[in-house]
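Read the structure below first, then the notes.
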Amino acid sequence: SLGAVREAVGGLVIEWVDIAPGTQFAGRTIADSQLRTRTGVSIIALLRGSEAIPAPTPDQAFEAGDTVIVVGTLDGVRQAEALFEGR
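Here it is in structure tokens:
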């Protein structure tokens with residue numbers, strides 16, 4: 236799975252995280268999620284099916300099944316994974 240792909244650069248981690256159905260993020264925007272405030276993690280791209288959305292804007296809405304590519308500290312990325320996966 237893409238979630239197993241992890242690359243550490245200068246103390247930062249880049250991770251691919253799937254948005255699980257039924258989580259608080261499905262149907263909400265990046266701004267609504269307050270992900271950066273909550274975890275310190277930034278979303279650098281959003282993957283929806285075969286479409287890649289680089290540098291998504293704050294008004295971009297998440298859909299269940301989307302994959303987000305995030306960058307941040309290992310701790311922040313783990314927090315974001317837990318939120319997106321509904322843990």
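Letter by letter, the sequence shown follows residues 236 to 322 of this note's numbering.
Here a beta-carbon is modelled for each residue, glycine too, at the ideal position from N, C-alpha and C.
For valine 312, the enclosing alpha helix (DSSP H) begins and ends at 309-319.
Setting aside the 5 residues that flank it on each side, aspartate 294 is surrounded in the same chain by Thr264, Ile265 and Ala266, each with a C-beta closer than 8 Å to its C-beta; the list follows chain order. Counting only the Cα atoms, alanine 299 lies some 5 Å from proline 256. CA-CA distance, tryptophan 251 to aspartate 301, rounds to 10 Å. If you draw a 10 Å sphere on the C-beta of proline 291, you find 16 or more other C-beta atoms in it, and that means buried.
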